[in-house]
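The sequence shown begins at 0 in numbering that gives the first Met the number 0 and counts up one residue at a time.
All residues carry an ideal CB built from backbone N, CA and C; glycine is no exception.
Everything below concerns the one structure shown next.
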Amino acid sequence: MSSICKTISVRARPDRVWDAIRDFGALHERLVPGFVVATRVETDGEVPVRVVTFGNGLTAREPILSCDDEAMRLAWTVEQGRTSHYNASVQVFAENDGSARVVWIADFLPGAMAPMVDSAMSAGASAMRKTLGALSATTG
0 MSSICKTISV
10 RARPDRVWDA
20 IRDFGALHER
30 LVPGFVVATR
40 VETDGEVPVR
50 VVTFGNGLTA
60 REPILSCDDE
70 AMRLAWTVEQ
80 GRTSHYNASV
90 QVFAENDGSA
100 RVVWIADFLP
110 GAMAPMVDSA
120 MSAGASAMRK
130 TLGALSATTG
């Protein structure tokens, strides 16, 4: 199994950063516009499933495993993708200066997918940094 971690520091309040992340049906508008171009939420029983269309045209079905407001952590898996196993999470941490640190971790098989997953996560982290960084320029 391979694991990739991306860490983003932004000068925005952690609660505002978490609000954008926890709004998992608006991924393409509030968190990673351009990297993701469309998102819709379906249900599979009681489990919300985020259907994501990436900027490169690929789509993914992502059942949401947990959306924990107290821990400011969102976890999901990917179905029907190029990996045989894929779990990921994004968690927001408050820094002493009032800013936020975002940690995005993905665990997946096969390990040979690591270069592709790392490249995609780097692009996603860049979009996330830009979008969340803009929160510091707004009031509220």
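Taking the alpha-carbon positions, what's the residue i to residue j distance?
i    : j    : result
S135 : R12  : 7 Å
I3   : M112 : 11 Å
A74  : S65  : 5 Å
G110 : A99  : 30 Å
A119 : G44  : 30 Å
A19  : G56  : 23 Å
F53  : I63  : 17 Å
D96  : R10  : 9 Å
Q79  : R72  : 24 Å
Would you decide whether residue i is buried or exposed? Buried here means 16 or more other CB atoms lie within 10 Å of its CB.
i    : result
T138 : Confidence at T138 is low in this model, with a pLDDT of 46, below 50, so the placement of that residue should be treated as unreliable; the coordinate-derived value is given next. With fewer than 16 other Cβ atoms within 10 Å, it is exposed.
A133 : exposed
H84  : exposed
L30  : buried
Does DSSP put residue i in a helix, in a strand, or in coil?
i    : result
T82  : coil
I7   : strand
P109 : coil
D14  : helix
Name the two residues that bound the continuous beta strand (DSSP E) containing residue i.
i   : result
L26 : Counting along the chain, L26 falls outside any beta strand (DSSP E), and DSSP gives it neither H nor E.
R49 : V46 to F53
Which stretch, first to last residue, makes up the alpha helix (DSSP H) that contains residue i?
i   : result
P32 : Looking at the DSSP string, P32 is not in any alpha helix (DSSP H), and its letter there is neither H nor E.
A70 : Careful: A70 lies outside any alpha helix (DSSP H) and carries neither H nor E.
In the DSSP assignment, what residue or residues form a beta bridge with residue i?
i    : result
L131 : None; L131 has no bridge partner.
I63  : W75
R39  : V50
I20  : DSSP output for I20 lists no bridge partner at all.
V102 : T6 and Q90
S118 : Answer by DSSP bridge pairing: none, since S118 is not bridged.
S1   : F107
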